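For the sequence shown, position 53 (counting from the first letter as 1) is numbered 52 according to numbering that gives the first Met the number 0, and the numbering increases by one without interruption. Glycine included, C-beta positions come from ideal geometry on N, C-alpha and C. Here the structure is a predicted model, which means the values were calculated and not measured. As structure tokens, the structure follows; a few thoughts come after it.
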Amino acid sequence: MHEEQFSGKHIGLGEAMNWNKNKLSLWTNSFICPSQFMAEKMQQGGYPATKLQVISNFIGEEQVQYIINTPNPIREEAYAYIGRLSQEKGVESLLKAASRLPYKLYIAGSGPLEAELKKKYTANNIIFLGHLGTKDTIELFKKVSFTVIPSISYENNPLGVIESMCCGTPVLGRNIGGIPELLEISSFNCLFTQDKELPSLITKMFNTVVSADRNELSTAALQRFSSEHYYQKWLEIVRQG
Numbered sequence: 000m001h002e003e004q005f006s007g008k009h010i011g012l013g014e015a016m017n018w019n020k021n022k023l024s025l026w027t028n029s030f031i032c033p034s035q036f037m038a039e040k041m042q043q044g045g046y047p048a049t050k051l052q053v054i055s056n057f058i059g060e061e062q063v064q065y066i067i068n069t070p071n072p073i074r075e076e077a078y079a080y081i082g083r084l085s086q087e088k089g090v091e092s093l094l095k096a097a098s099r100l101p102y103k104l105y106i107a108g109s110g111p112l113e114a115e116l117k118k119k120y121t122a123n124n125i126i127f128l129g130h131l132g133t134k135d136t137i138e139l140f141k142k143v144s145f146t147v148i149p150s151i152s153y154e155n156n157p158l159g160v161i162e163s164m165c166c167g168t169p170v171l172g173r174n175i176g177g178i179p180e181l182l183e184i185s186s187f188n189c190l191f192t193q194d195k196e197l198p199s200l201i202t203k204m205f206n207t208v209v210s211a212d213r214n215e216l217s218t219a220a221l222q223r224f225s226s227e228h229y230y231q232k233w234l235e236i237v238r239q240g
């Protein structure tokens, strides 16, 4: 057992040393990055800018069909966090803000902080839903007023943002990593930088998203993040060689 682990480690190290940046750059025509943020980081790391192409992630056709065919309910005066319950996701920053506000917050997801957060944040307006499947997640996106992405570590091209907007649901996201470039799709999305901004911006979101054209946001997002759009962009890159 120990021998196998030892061998595996050294094989991995050997592979990493063999497939170094210079070899990859020499033998690769294009690197496809899910975000401009990632492309910039790769360029800073020494990869040639001329070989870096950006194509955002997409959502699957099954999700698209469920979004389109699921009736839109009356929106609750509620917001949601949907994701992993771990430190790097910044979920406790959101919970601290939520505990000072009257609005209902749904927390959907599981992770290493789940038990601790459930015990610590017991306010009636904070509802822990646990892990949700794809369909239940889409239904939650569709019934809340907006979602929050409070990550404190770099997010590359978070699917939570994409899925939320595809459901016609604006996003309040931290101004970090690849989040800002995704939120450019709608003026009803909003960015924050510091945790102390959260209470006032959450209140502001409730006041502004009332007038959001959710069908317009959903239509634009479904087009931008479709598998067909991804495929066509990929074909362009392949044809360029």
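Let's test the definition: count the other Cβ atoms within 10 Å of the Cβ of residue i and tell me whether it reaches 16, buried, or not, exposed.
i, result
"Asn-156", "buried"
"Arg-238", "exposed"
"Thr-136", "buried"
"Gln-43", "exposed"
"Ile-66", "buried"
For residue i, I'd like the list of residues in its chain whose CB is within less than 6 Å of its CB, leaving aside the five on either flank, ordered along the chain.
i, result
"Tyr-230", "none"
"Arg-213", "Gly-167"
I think residue i touches residue j, with their Cβ atoms under 8 Å apart; what is that distance to the nearest whole Å?
i, j, result
"Leu-87", "Leu-116", "Just to set this straight, residue 87 is Glu in the shown sequence, not Leu. Wrong, their Cβ atoms sit about 14 Å apart, outside the cutoff."
"Arg-74", "Gly-108", "Not confirmed; about 21 Å, so no contact."
"Leu-93", "Tyr-80", "6 Å"
"Pro-47", "Ser-29", "Actually they do not touch by this definition, with Cβ atoms about 10 Å apart."
"Ala-77", "Val-143", "5 Å"
"Leu-197", "Ala-96", "4 Å"
Shortest alpha-carbon distance to residue i belongs to which of the options?
i, options, result
"Thr-168", "Ser-152, Gln-193, Leu-139 and Lys-95", "Leu-139"
"Val-160", "Asp-135, Cys-189 and Lys-134", "Cys-189"
"Val-53", "Pro-47, Tyr-46, Met-37 and Asn-19", "Met-37"
"Asn-71", "Asn-19, Trp-26 and Lys-141", "Lys-141"
"Ser-217", "Ile-184, Ile-236, Lys-195 and Thr-27", "Ile-184"
"Lys-232", "Phe-127, Ile-67, Lys-195 and Phe-57", "Phe-57"
"Phe-127", "Thr-133, Lys-119 and Glu-60", "Lys-119"
Near residue i, what residues of its chain come up, given a Cβ to Cβ distance below 7 Å and the 5 sequence neighbours on each side ignored?
i, result
"Ser-85", "Gly-110, Pro-111 and Leu-112"
"Val-170", "Phe-145, Thr-146, Ile-148, Val-160, Ser-163, Met-164, Leu-182 and Asn-188"
"Thr-121", "none"
"Gly-89", "Pro-149, Ser-150, Ile-151 and Arg-173"
"Met-41", "Phe-30, Cys-32 and Leu-51"
"Val-208", "Ser-144, Phe-145, Pro-169 and Phe-187"
"Gly-45", "Lys-20"
Establish whether the CB of residue i and some CB of chain D are separated by less than 8 Å.
i, result
"Ser-199", "The structure shown contains no chain D; it holds only a single protein chain."
Spatial neighbours of residue i within its chain, please: C-beta separation below 8 Å, excluding the five flanking residues on both sides.
i, result
"Ser-244", "Past the edges of the chain, shown from 0 to 240, lies residue 244, and the structure says nothing about it."
Cβ contact (3+ pairs, closer than 8 Å) linking the segment 101-112 and the segment 172-181: Contact between the segment 101-112 and the segment 172-181 is absent: fewer than three C-beta pairs spanning the two stretches fall below 8 Å.
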